[in-house]
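First up is the structure itself, then whatever we jot down about it.
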Amino acid sequence: MQPIPKESDLPKVKLAARGAARLKQGHVWVYRSDIASADGVAPGALATVTDPRGKPLGTALYSSSSQIAIRLISQEPIADFPALLRQRISDAIAYRETILGESNVGNTNACRLIFSEADFLPGLIVDRYNDILSLQILTQGMDANPLRETVISELTARLHPAAMVERVDPRVRELETLPPRPSGPLQGTKTSTTFTMNGVQFHCDALEGQKTGAFLDQRENYAAAAQYAHGEVLDVFCYQGGFALHLAPRCSQVTGVDSSRPALEVAEQNAALNGREIEWIEANAFDLLKDYAASNHRYDTIVLDPPAFAKTKRDLDSALRGYKELNLRALKMLRPGGILVTCSCSYHVSQANFLEMLASAAVDAHRTLRLIEVRGQAKDHPILLTVPETAYLKCVIATVSL
Ligand code: SAH
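Structure, rendered in structure tokens:
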């Protein structure tokens with residue numbers, strides 16, 4: 010294990026004026042283009058960040074290759090970095106206990122325990138699925154030892170999971186010029202389990218599937234949608250059945266649509282686990298909605314939860330066209346009094362963009378929409394007010410009145 014250097018020995022990264030201004034406004038990222046000098050700073054190193062005149066602004070992890078070169082850890086010097094990490098892990102766990110605590114005991118045993126910047130642990134994501142922890146490391150800094158080992162040992166000491174797995178995003182490792190490594194167990198041998206969200210049960214194979222497993226960010230939206238859903242339901246982009254399974258108890262018939270067969274196979278297992286009968290259709294959602302709209306299919310509730318269409322700012326216009334097409338078709342298929350649950354997980358599509366798109370889709374579909382709820386991500390994915398990138402999920406629940 011490499012010892013962590015003392016604050017006074019830390020290398021220095023000097024920021025250009027724009028980078029310094031960004032930190033002063035409360036952001037924690039500085040882009041490479043806003044760095045004046047980072048001579049001799051090793052990839053992933055902890056560094057003292059200064060303004061253009063050399064005045065310290067805080068301590069940060071440095072990436073030698075990402076466009077996000079600086080991720081601030083503290084506005085102060087750091088005396089003992091592993092101790093600070095352990096404290097922040099403990100605070101993140103305590104925060105989940107507070108927000109999930111009383112109302113949810115026995116009802117939910119899966120949540121995001123650590124959400125990177127929003128938990129002051131940039132580059133680290135940890136999800137809990139009942140007795141398995143799934144860890145994702147996204148930066149050179151967090152990947153380096155002894156940080157990696159500190160994280161694993163602190164999580165183990167606090168939570169005693171049956172197993173811990175690492176989910177590797179190969180593209181992220183490439184961007185961070187980190188050597189490739191496979192996803193796999195870090196501790197224990199268990200890789201699958203079942204977990205509960207809002208009392209609904211799900212299978213989890215911690216090394217399969219998209220993201221780190223399930224879409225935990227939708228947990229509160231599942232419960233909200235279930236309050237209003239009724240009749241015949243179409244859950245479009247259903248993945249492993251998150252919405253479909255939550256809505257089934259209140260609805261007469263539920264159909265889930267996704268283009269991924271492996272996702273639908275797990276969805277079917279999830280339905281069996283909860284004793285529900287749901288129809289799963291493997292199809293391209295755009296084609297299916299077009300066909301169904303043309304052949305006069307009608308529903309009382311439609312859920313749209315597509316993947317992020319805008320991966321970058323440049324994709325915004327084409328993303329909005331994609332969202333509009335989906336929403337327009339869904340609106341045409343809803344019966345009067347019907348419920349639309351429509352989501353976007355693209356950070357680059359703001360809530361205002363999304364509502365404007367929806368209004369325009371409603372006008373074109375000749376339907377009148379009333380908003381019931383405008384929602385975001387579940388509270389275990391906290392939003393840091395001065396870091397807008399931590400807020401990404403939109404979920405609008407609306408009723409078609411005409
Ligand atoms: N609603 C889900 C999450 C959806 S994630 C939940 O709550 O768990 C987006 C899903 O869209 C993925 O399962 C992906 O397989 C699916 N998908 C992506 N493109 C698609 C397409 N063109 N047609 C149908 N499904 C698609």
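In case it helps, my numbering puts the sequence shown at residues 10 to 411.
Note that the Cβ used here is the ideal one computed from N, Cα and C, for glycine as well.
Please read these numbers as outputs of a predicted model, since none were measured by experiment.
Length of the line joining the Cα atoms of residue i and residue j
i	j	result
V135	L122	5 Å
I77	L164	27 Å
F363	V396	20 Å
A371	I381	15 Å
Q278	A292	19 Å
T59	P188	30 Å
K403	G49	42 Å
S428	L256	No answer is possible for residue 428: the residues shown for the chain start at 10 and end at 411.
G330	L298	A small fix is needed here, since residue 330 is Arg in this sequence, not Gly. So the two alpha carbons sit approximately 15 Å from each other.
Q249	R180	24 Å
P20	A51	8 Å
N283	I82	43 Å
D18	L70	15 Å
D89	Y401	33 Å
D120	E288	The sequence given here has Cys at residue 120, not Asp. Going by the C-alpha atoms only, they are around 27 Å apart.
Q2	D43	Past the edges of the chain, shown from 10 to 411, lies residue 2, and the structure says nothing about it.
V39	L32	8 Å
E286	L273	13 Å
D296	R62	58 Å
S74	A47	12 Å
K322	L394	20 Å
Residue from the options whose Cα sits closest to the Cα of residue i
i	options	result
I348	D244, Y301, H390 and I392	D244
R41	K33, L55 and K23	K23
T408	H239, V37 and S72	H239
I392	I98, A127, Y237 and D48	A127
L195	T264, V177 and R182	V177
V275	L256, Q210 and K333	Q210
V242	D214, E185, D309 and N230	D309
M206	A232, F246, M151 and R167	A232
I143	A171, T117, G150 and A166	For the record, residue 143 in the displayed sequence is Ser; it is not Ile. Nearest of A171, T117, G150 and A166 to S143, Cα basis: A171.
H36	R80, Y237 and A119	R80
G270	I290, E286, E398 and A400	It is Arg, not Gly, that sits at residue 270 in the sequence shown. Comparing Cα-Cα distances from R270 to each of I290, E286, E398 and A400, the minimum goes to I290.
L147	C260, L273, N116 and E183	E183
E106	A280, R167 and A47	R167
D4	F124, L378 and S75	This structure cannot settle anything about residue 4, because the visible part of the chain is limited to 10 through 411.
R307	P315, G208, E286 and R344	R344
L325	H357, G197, F129 and K333	H357
K64	T198, A26, V266 and T399	A26
R190	D300, C260, S327 and D152	D152
I108	E398, F129 and R228	R228
P258	A280, V266 and S74	A280
I161	T186, T117, E185 and R95	R95
Cβ-heavy atom distance, residue i to the ligand FAD, below 7 Å
i	result
L156	By its list of ligands, the structure shown excludes the ligand FAD, since it contains just the ligand SAH.
Spatial neighbours of residue i in its chain, beta-carbon cut-off 8 Å, leaving aside the 5 residues before and after
i	result
V405	L349, V350, T351, C352, F363, L364, L367, L380, E382, V383 and R384
L93	I82, S83 and I87
G150	G53, A54, L55, L70, Y71, S72, R80, P131, G132 and L156
V174	I141, L142, S143, L144, S192, G193, P194, L195, T200, A215 and L216
L225	A119, C120, R121, D136, M206, A387, D389 and H390
S268	E291, A292, N293 and A294
L378	L340, L349, L367, A368, A371, A407, T408, V409 and S410
Sequence-distant residues of the same chain with beta carbon closer than 6 Å to residue i, five excluded per side
i	result
A317	C354 and S355
Q360	K403
N230	R384 and C404
C213	Y138, T202, F204 and G222
I98	E163
L335	L313
Cβ neighbours of residue i in the same chain (closer than 7 Å, five flanking residues each side left out)
i	result
A374	L337, L340 and K341
A302	R338, K341 and M342
A234	F252, H255, L256, V312, V350 and I406
Y237	I348, I381 and I406
Opposing strand residues paired with residue i [DSSP bridges]
i	result
F211	F204
E382	I406
T310	V242 and I348
P194	V174
V39	I79
F318	Partner(s): none; F318 has no beta bridge.
D136	R121 and S143
E334	None, per the DSSP bridge assignment.
A56	A69
Q262	E241
**OP:** Report all residues for which the CB-ligand distance to some heavy atom of the ligand SAH is below 5 Å; order them along the chain.
**Re:** F224, Q227, F246, Y248, G251, D267, S268, S269, A272, N293, A294, D314 and P316
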